[in-house]
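Residue numbers in the sequence shown follow our numbering, run continuously in steps of one, and reach 325 at the last position.
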Amino acid sequence: MGIKFGRQTNFGYLTVPEDSKEPYPAEVEASLREDAAAIIARYPQARSALLPILHLIQSVDGYVTGRGITLCAELLDLTEAEVSGVATFYTQFKRHPNGEYTVGVCTNTLCAIMGGDEIWEAVSEYLGIGHDETTEDGKITLERIECNAACDYAPVVMTNWEFFDNQTPQSTIQLVDDLRAGNPVAPSRGPAQVRTFKEVSRVLAGFHDGLADEGVGAGPASLAGLEIAHEKGWEAPTGASWAAQADAPTTSGAAEGQAPGRPEVTPASPEAAAGTQAAPKATDPSDEASGPTAKDEDAVTDVDSAANETRDKVYEAGSTGDDGEEDTK
Ligand code: FES
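Pasting the structure below:
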């Protein structure tokens, strides 16, 4: 089966290649069937195994081939149209040959503001390819991403779903140069080295590579909220108190202005009053003395940072520059 990498504008490259329906060699098919059986055994209904088996197909073929779709349909008692419908719905599944490394530049709101658009334009021009196109050497598939889910390190670029934080046009061009040259590349968080698209696809199929706990899991920016919670002595509501809150009549269950749904544990909450959940401790002495004030309606989210203290002073001075927004988001 031949592999043609290409650009969206070259008609035919991004349609399913004709030869992608060629049968698997016997030993490859036997191995696929064995792995697929292990995946199917995890689910009460075989059809629930479709997503991981599509990843398994990509771990062998590098994309969802016609022969892969035929095999999925047979194994899971689905029609080929049903399998195709799923494979074309999720962007992680490719219906045309994918590069060894998918490089995704986030151009969603926060990353765009922080420089994501400039990164995209620079790397796209440098490689001479656009969205979902692949360099002729088959090394890099470039994608515009709608949020890499790592906004606290914007602008973020991913390579095969590993994070590269706080990127610049120069650092991203260096990244693709290293990937194409075969140099070892380490993400900002996660394993010591980025794995190939096929290797990662096998992990997504549910076959562990032993690297899940390698490297840094979360950086300081991601942990800032947790540290504030520890500092303030906040805890997540217990399952029982959540259920009680959910069952309570809405007229008495929520404080005025509190959003429905997730109960908040505030000094005035029913849980705190009933003693079923420790209320957050006020670390600001003035909060303890006077309780929540108009300024501190957001007492639970009020962070005693230097920036907020400056803001509080402005508020107390009656500055009209205050927009009434919460102190922290
Ligand atoms: S906006 Fe870029 S990671 Fe969320």
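All C-beta atoms, glycine included, are put in the ideal place defined by N, C-alpha and C.
The structure displayed is predicted, hence computed values, not measured ones.
Legend entry - Leu171 versus Leu219, Ala37, Thr98, Pro187, residue with shortest Cα-Cα distance: Here residue 171 refers to the residue found at position 175 of the sequence shown. Among Leu219, Ala37, Thr98, Pro187, the Cα nearest to that of Leu171 belongs to Thr98.
Inset, instruction - Reducing DSSP to helix, strand and coil, say where Gly206 ends up. - result: Reading the sequence shown from its first residue, position 210 is the one you call residue 206. Three-state result, Gly206: coil.
Legend entry - Proximity to Ser218 [Cα-Cα], best of Val24, Ala150, Gly126: To locate residue 218, count along the sequence shown from 1; it is residue 222. Selection Val24, Ala150, Gly126 evaluated against Ser218 yields Ala150 as nearest (Cα-Cα).
Legend entry - Contact under 7 Å by Cβ, Phe159 with Arg198: Here residue 159 refers to the residue found at position 163 when the sequence shown is read from its first residue. Here residue 198 refers to the residue found at position 202 when the sequence shown is read from its first residue. No. Outside cutoff.
Legend entry - Alpha-carbon to alpha-carbon, Gly235 and Ser16: Translated into the one-based positions of the sequence shown, residue 16 becomes position 20. Translated into the one-based positions of the sequence shown, residue 235 becomes position 239. Approximately 50 Å, taken between the alpha carbons.
Legend entry - Beta carbon nearer than 7 Å to a non-hydrogen atom of the ligand FES: Cys102, Asn104, Thr105, Leu106, Cys107, Gly112, Cys143, Asn144, Ala145, Ala146, Cys147, Ala150, Pro151, Val152
Inset, instruction - Have a look at Val153 and Thr105 and give me their C-alpha separation to the nearest angstrom. - result: As a first step, residue 153 is located in the sequence shown; it is residue number 157 there, counting from the start. As a first step, residue 105 is located in the sequence shown; it is residue number 109 there, counting from the start. For Val153 and Thr105, the distance between alpha carbons rounds to 14 Å.
Inset, instruction - Work out the CA separation of Thr87 and Leu71 for me, nearest whole Å. - result: Indexing the sequence shown from 1 puts residue 71 at position 75. Indexing the sequence shown from 1 puts residue 87 at position 91. In this structure, the straight-line span from the alpha carbon of Leu71 to that of Thr87 is close to 23 Å.
Inset, instruction - Just confirm the distance between the C-beta atoms of Ala201 and Ile35, as a whole number of angstroms; I'd bet it's less than 8 Å. - result: Numbered from 1 along the sequence shown, position 205 holds the residue referred to as residue 201. Numbered from 1 along the sequence shown, position 39 holds the residue referred to as residue 35. At roughly 7 Å, the Cβ-Cβ gap stays under 8 Å, so Ala201 and Ile35 are in contact.
Inset, instruction - Determine, using beta-carbon pairs with one atom in the region 14 to 28 and one in the region 58 to 73, whether at least three such pairs fall under 8 Å. - result: yes
Inset, instruction - Kindly provide the ranges of any alpha helix (DSSP H) runs that are 4 or more residues long and lie completely inside the region 93 to 142, ordered along the chain. - result: 113 to 123
Inset, instruction - Using the Cα positions of Asp57 and Lys194, report the straight-line distance between them to the nearest angstrom. - result: Walking along the sequence shown from the start, residue 57 turns up at place 61. Walking along the sequence shown from the start, residue 194 turns up at place 198. C-alpha separation (whole angstroms): 8 Å.
Inset, instruction - Could you please give me the residues that DSSP links to Val60 through a beta bridge? - result: Position 64 of the sequence shown, counted from the start, is the residue given in the question as residue 60. DSSP output for Val60 lists no bridge partner at all.
Inset, instruction - Report the rounded CA-to-CA distance for Asp148 versus Thr84, giving the unit in angstroms. - result: Locating residue 148 in the sequence shown gives position 152, where the first residue counts as 1. Locating residue 84 in the sequence shown gives position 88, where the first residue counts as 1. In a straight line, the C-alpha of Asp148 is about 30 Å away from that of Thr84.
Legend entry - Own chain partners of Gln189 with C-beta closer than 8 Å, once the 5 adjacent residues on each side are dropped: Within the sequence shown, numbered from 1, the residue matching residue 189 stands at position 193. Within the same chain, Gln189 has close Cβ partners Pro180, Val181, Ala182.
Legend entry - Beta-bridge pairing of Thr234 - partner residues as DSSP gives them: As a first step, residue 234 is located in the sequence shown; it is residue number 238 there, counting from the start. Bridge partners of Thr234: none, in fact.
Legend entry - Spatially closest choice to Pro13 from Leu52, Ile53, Pro48, Pro93, by CA coordinates: On the sequence shown, residue 13 is found 17 positions in, with the first residue counted as 1. With distances taken between Cα atoms, Pro13 lies closest to Pro93.
Legend entry - 7 Å CB neighbourhood of Lys277 in its chain, flanking five on each side removed: In the sequence shown, counting from the first residue as 1, residue 277 sits at position 281. With a pLDDT of only 47 at Lys277, under the threshold of 50, the placement of this residue in the model should not be trusted, and no figure is reported.
Legend entry - Option nearest Arg43 by Cα separation, candidates Pro19, Tyr59, Glu78: Your numbering for residue 43 matches position 47 in the sequence shown. Considering only alpha carbons, the answer is Glu78.
Inset, instruction - Provide the residue span of the beta strand (DSSP E) that contains Glu30, from first to last. - result: To locate residue 30, count along the sequence shown from 1; it is residue 34. Here Glu30 belongs to no beta strand (DSSP E); instead the alpha helix (DSSP H) covers 22 to 36.
Legend entry - Extent of the continuous beta strand (DSSP E) run through Thr155: Counting from one through the sequence shown, the residue named residue 155 turns up at place 159. 153 to 155 is the extent of the beta strand (DSSP E) around Thr155.
Inset, instruction - Quick one: grab the DSSP three-state call for Asp280. - result: The residue you call residue 280 lines up with position 284 of the sequence shown. For Asp280, the pLDDT reaches just 44, beneath the cut-off of 50, and the residue's location in the model is therefore unreliable, although a value from the coordinates is still provided. Residue state, collapsed to three classes: coil.
Inset, instruction - State the beta-bridge partners of Glu158 as determined by DSSP. - result: For this step, residue 158 is matched to residue 162 along the sequence shown. The partner list for Glu158 (beta bridge, DSSP) reads Thr155.
Inset, instruction - Can you have a look at Thr75 and say buried or exposed, based on whether 16 or more other CB atoms are within 10 angstroms of its CB? - result: Taking the sequence shown and counting its residues from 1, the one referred to as residue 75 is at position 79. Under this definition Thr75 is an exposed residue.
Legend entry - 8 Å contact criterion, which Gly134 and Gly95 should meet: CB distance rounded: Looking up residue 134 in the sequence shown gives position 138. Looking up residue 95 in the sequence shown gives position 99. Going by Cβ atoms, the distance from Gly134 to Gly95 rounds to 6 Å, so yes, they are a contact pair.
Inset, instruction - Taking Gln170 as part of the alpha helix (DSSP H), name the residues at either end of that continuous run. - result: Position 174 of the sequence shown, counting from 1, holds the residue named residue 170. Note, Gln170: alpha helix (DSSP H), 165 to 177.
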